[in-house]
Each structure stands twice: as C-alpha cells, then as structure tokens.
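Residue numbers (this note's numbering): 51 to 152.
Below: the structure, in structure tokens.
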C-alpha cells in the first residue's frame, strides 16, 4: 500500500514532467511530445532507483542513515508503482481502441 504523502509526491513529480513537456503558446493544438514525456518519466524512475541503491550501499558500509534508506526506497517504490499504473492505463486504452469497430 502506498502512503498518501508518497503518492502526493509522485503525483507532483509526474505533474512537473507533464508541465515541462508542454508546447509553446504559439503551437495551439499541439500537445507535449510523447517520446520526450515518456523519456523524462523513465529517467526520473531510474534516478530514484539509483538513489535508493546508493543509500542502501552507504548504509551497508556503515556510512548512511537508515531513515535516508527507507525514504529513498519508498520514493523509488512509489515512482515504480506510478509508472506501472500509467502503463496499465495505456494498455487498457489501446485494447479499447483495438476492440472498436471500423
């Protein structure tokens, strides 16, 4: 189960990614580039996972704090769950489009 605060942080991070990929004002009708948006989300997930691994290694070496380890692992878990949820929604939408009559 995801803690409400962690879910809020993940949502805020996803919202920042969406807003940063928005088209300029002159390009009305143009949405954000999906490839860049997806790349930003994946790179954010990768960074949070690497941070969690770094914190775990530091704690194993006796140099890190357990609170930092738990926080970074929870953040990486929330990011992964968010990406998996988005993936499930995209697959569901794709399947609905495939089942539409032509």
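Glycine residues also receive a C-beta, built at the ideal position from the N, C-alpha and C atoms.
Touch check for the segment 89–96 and the segment 114–122: three-plus C-beta pairs under 8 Å?
no
At the level of alpha carbons, what is the spacing between residue 152 and residue 130?
Numbered from 1 along the chain shown, position 102 holds the residue referred to as residue 152. Numbered from 1 along the chain shown, position 80 holds the residue referred to as residue 130. Rounded to the nearest angstrom, the two C-alpha atoms are 36 Å apart.
Tell me the DSSP secondary structure of residue 83 in three-state form.
Your numbering for residue 83 matches position 33 in the chain shown. Reduced to three states, the DSSP call for residue 83 is coil.
Please classify residue 105 as buried or exposed, where buried requires at least 16 neighbouring CB atoms within 10 angstroms.
As a working note, residue 105 is residue 55 in the chain shown. Buried, by the Cβ-count rule.
Please report the straight-line C-alpha distance between residue 81 and residue 103, rounded to a whole angstrom.
One-based indexing of the chain shown puts residue 81 at position 31. One-based indexing of the chain shown puts residue 103 at position 53. If you take the alpha carbons of residue 81 and residue 103, they lie about 35 Å apart.
To the nearest angstrom, how far is it from the Cα of residue 88 to the Cα of residue 140?
The residue given as residue 88 occupies position 38 in the chain shown. The residue given as residue 140 occupies position 90 in the chain shown. One C-alpha to the other measures close to 12 Å.
When you compare the CB positions of residue 101 and residue 135, do they come within less than 9 Å of one another, or not?
Locating residue 101 in the chain shown gives position 51, counting from the first residue. Locating residue 135 in the chain shown gives position 85, counting from the first residue. Not closer than 9 Å, so no.
In angstroms with no decimal places, state the Cα-to-Cα distance between residue 127 and residue 149.
Start at 1 with the first residue of the chain shown, and residue 127 comes out as number 77. Start at 1 with the first residue of the chain shown, and residue 149 comes out as number 99. If you take the alpha carbons of residue 127 and residue 149, they lie about 33 Å apart.
Measuring straight from C-alpha to C-alpha, what distance separates residue 146 and residue 121?
Counting from one through the chain shown, the residue named residue 146 turns up at place 96. Counting from one through the chain shown, the residue named residue 121 turns up at place 71. Roughly 38 Å separates the two Cα atoms.
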